[in-house]
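Residue numbers (our numbering): 316 to 1040.
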């Protein structure tokens, strides 16, 4: 088998080389071609991607995988996958569940393996070669997907199974798989005319190129917009560790003797809460808010065209706009339901935000300032308001949140108490970066469940934000157990010093492990239905649910200890931290709502509307919904709104709020049933985390909770309603 794979891969590479130039080769060209062929053969002969990894659960062998392996593996993977799909589509036997859907579920193993590894590395550990591969593969993979989704013979087989699904005597998960496949193919354009299919192929190819360029522009912007500071005095307000880290970052970037402040992925920048120098705060904020709006990395033309492309695609498929298309299979169902949900919150949130702004303006005056509140002032003076209201110093708080203790005595401890699982370090497993640690997850009965990679620290080549992904998905059909990764961008302390994290980072660590558990606890037969393969407005529910355990009294007593003395966080300080969680909720909620509404407006455009002026459109959208407060910009502006314009959450950024309703209701219910105990965790795991998309999400929620959720717990969670015992 290995020899066959190698031969096919070499043939694919050579065929592509031969097609690259229609002119007759010279003798020199012939020699060069032979050399290139020999090099390609050598690469594929030793390509570890072409066979399953021999490591536990097929975890990638990062010690062997090199960038030069990806293109041959992609090409051979697409070739093998298409051969398998065509055999299914052209099978002369009548369609059965096994010879069509089970066969499809088993197809494409090499392409899936290569894609999962490559795109995880492209996001968390990028380099010029990987970005080049990403650009080259984007249109090819889009075309490959279209060749499958638009194959009429294949769709005819799927449709016949769909039409007789209730007479096939299948179990509920298998019936669900038929329905998911049928909907996927219809929504991809399987029922379109040939002319329409040609049009949608062109749109998909262009879309893949533009979303790739959008992401790569933002990655390039990370270095381009970093703020260089000349003197240490300008950094007054930062801790010694932060200043040392800034000096080291500047040295690494070729600016020895200076200081470098990196820009994180949101409009808001953490250092704005600390910097005493107002001009530097302004410079940092402007670098953030105005990114990707000039030069070679100007994303404005991409944003305008992406919105138009999606609208054109929706029209071809019979929808008024991309939002209507995108929401049809989500829990929300319609754009109006989303706008009603978000809009209902705007008046109270804006009113609350204006009160916060008044308090901050008064603090500016109290501190001797004679200027109107600006976005770069908000967090800085909000800290003074917070300190006055709660007598709380963030730097003091961080001393009780040392990274390793938060991870092991916080996250891992909670998951043990709630689900009975334990994490065992696996230093023997190779990782893709020295900062990444590998763990094995064991169940309460001692059985092994999954491999978990922890990649928490910021570095060059990693995109902003925090996320979970999988190197291997769970499937009983394929005999696969999950291999999952959590990725964050926590600033790492200088060598030899402990990394102290904010409470926000603590809750984000719990959040991402919630996604991780959703993948690692998956217990379904079919890979298409496994783990986090659920609707966008359900996928954030399990992660948000885990956040509140960070504040559970038993949990926080176990991990919130002084990094030097080991003393537990004082009760008075902890009470201040907990009370302060509702502080600045107007600002926090408004910047989120603004971004969610902006996302909906971009994707509510019809295909007949012209390309938009991005800045003008953004301003008009915010004004339309009454969220255009100058001092509180959207969490993401259009040119760096990866959730929306990058494609994954287009017309879906509202999902965080929708999911928070589920999470708050679920967490309140668990507390009413005794809180942190195994019985509650097992109920939640069985009915939410293990079932993936094997049944409709609301069915899963009602199986866990016994009823649909209400918004009461959400309002309490956000400090907008008082809990009544």
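Glycine residues also receive a C-beta, built at the ideal position from the N, C-alpha and C atoms.
Keep in mind that this is a model prediction, so the values were computed, not measured.
Have a look at residue 759 and residue 903 and give me their C-alpha separation to the nearest angstrom.
If you draw a straight line from the Cα of residue 759 to the Cα of residue 903, it comes to about 38 angstroms.
Close beta carbons around residue 525, own chain, < 8 angstroms, minus the five adjacent residues each side:
Taken in chain order, the residues that qualify are 617, 620, 621, 624.
Given a cut-off of 8 angstroms on the beta-carbon distance, is the pair residue 412 and residue 483 in contact?
Cβ distance < 8 angstroms, so residue 412 and residue 483 count as in contact.
Quick check on the DSSP output: what are the complete alpha helix (DSSP H) runs of length 4 or more inside the stretch 454-489, in order along the chain?
For the stretch 454-489, the full-length alpha helix (DSSP H) segments reaching 4 residues or more read 467-478 along the chain.
Buried or exposed: residue 914, going by 16 or more other Cβ atoms within 10 Å of its Cβ?
Buried is the call here.
Looking only at its chain, what residues have a beta carbon closer than 6 angstroms to the beta carbon of residue 438, apart from the 5 residues adjacent to it on each side?
Taken in chain order, the residues that qualify are 778.
Could you give the residue range of the alpha helix (DSSP H) that holds residue 1027?
Run containing residue 1027: 1027-1032, per the alpha helix (DSSP H) assignment.
CA-CA distance, residue 518 and residue 530?
Roughly 18 angstroms between the two C-alpha positions.
I believe residue 500 touches residue 473 by the beta-carbon criterion, under 8 angstroms. Please report the beta-carbon distance rounded to the nearest angstrom.
Their Cβ separation, rounded to whole angstroms, is 6 angstroms, which keeps residue 500 and residue 473 in contact under 8 angstroms.
Around the C-beta of residue 879, are 16 or more other C-beta atoms found within 10 angstroms, so that it is buried, or is it exposed?
It is exposed - the Cβ of residue 879 has fewer than 16 other Cβ atoms within 10 Å.
Integer-rounded CB distance, given that residue 961 should sit under 8 angstroms from residue 442
Cβ-Cβ separation between residue 442 and residue 961: approximately 20 angstroms, too far for a contact (criterion under 8 angstroms).
Using the beta-carbon count (16 or more within 10 Å), is residue 763 buried or exposed?
Exposed, by the Cβ-count rule.
Assess contact between the stretch 882-891 and the stretch 929-948, defined as three or more Cβ pairs (one per stretch) separated by less than 8 angstroms. Is contact present?
Short answer: they don't touch.
Is the separation between the beta-carbon of residue 400 and that of residue 463 shorter than 8 angstroms?
Less than 8 angstroms divides the Cβ of residue 400 from the Cβ of residue 463.
Are there three or more Cβ pairs, one per stretch, closer than 8 angstroms when the stretch 844-855 is compared with the stretch 673-688?
Taking a contact to require three or more Cβ pairs closer than 8 angstroms, the stretch 844-855 and the stretch 673-688 do not qualify as touching.
Residues of its chain near residue 559, where Cβ-Cβ distance is below 7 angstroms and the 5 sequence neighbours each way are ignored
When the five nearest sequence neighbours on each side are left out, the beta carbons in the same chain lying within less than 7 angstroms of the beta carbon of residue 559 are those of 809, in order along the chain.
What does the alpha-carbon distance come out to for the pair residue 871 and residue 807?
In a straight line, the C-alpha of residue 871 is about 22 angstroms away from that of residue 807.
Under three-state DSSP, which class holds residue 285?
The structure shown does not extend to residue 285, since the chain is modelled only from 316 through 1040, so no value can be given for it.
Assuming contact is defined by CB atoms lying nearer than 8 angstroms, are residue 741 and residue 754 in contact in what I supplied?
Cβ atoms of residue 741 and residue 754: closer than 8 angstroms.
Taking all protein chains shown into account, decide if residue 972 is buried (16 or more other Cβ within 10 angstroms of its Cβ) or exposed.
Buried: at least 16 other Cβ atoms inside 10 Å.
Would you call the stretch 385-393 in contact with the stretch 415-435, where contact means no fewer than 3 C-beta pairs closer than 8 angstroms?
With a cut-off of 8 angstroms, the stretch 415-435 and the stretch 385-393 count as touching, because enough Cβ pairs lie within range.
Please report the straight-line C-alpha distance between residue 615 and residue 631, rounded to a whole angstrom.
Computed Cα separation, rounded: 25 angstroms.
Residue interval of the alpha helix (DSSP H) (run including residue 864)
Counting along the chain, residue 864 sits inside no alpha helix (DSSP H), nor does DSSP assign it H or E at all.
Can you give me the C-alpha to C-alpha distance between residue 340 and residue 384, rounded to a whole angstrom?
In this prediction, residue 340 scores a pLDDT of 32, lower than 50, which makes its location untrustworthy; the coordinate-derived value is nonetheless stated afterwards. Distance from the CA of residue 340 to the CA of residue 384, rounded to the nearest whole angstrom, comes to 27 angstroms.
With a cut-off of 8 angstroms, do at least 3 Cβ pairs link the stretch 1014-1027 to the stretch 979-992?
Touching, per the Cβ criterion.
What's the gap between the Cα of residue 739 and the Cα of residue 712?
Residue 739 and residue 712 have their C-alpha atoms some 29 angstroms from each other.
Is the stretch 533-551 close to the stretch 917-927, with three or more CB pairs under 8 angstroms?
The answer is no - the stretch 917-927 does not touch the stretch 533-551, with fewer than three Cβ pairs under 8 angstroms.
Per DSSP, cross-strand counterpart(s) of residue 1048
In this structure the chain extends from 316 to 1040, so residue 1048 is not present and cannot be described.
Identify every residue that forms a DSSP beta bridge with residue 717.
As a beta-bridge residue in DSSP terms, residue 717 pairs with 815.
Tell me the residue span of the beta strand (DSSP E) that contains residue 366.
Where residue 366 is concerned, there is no enclosing beta strand (DSSP E), given that its DSSP letter is neither H nor E.
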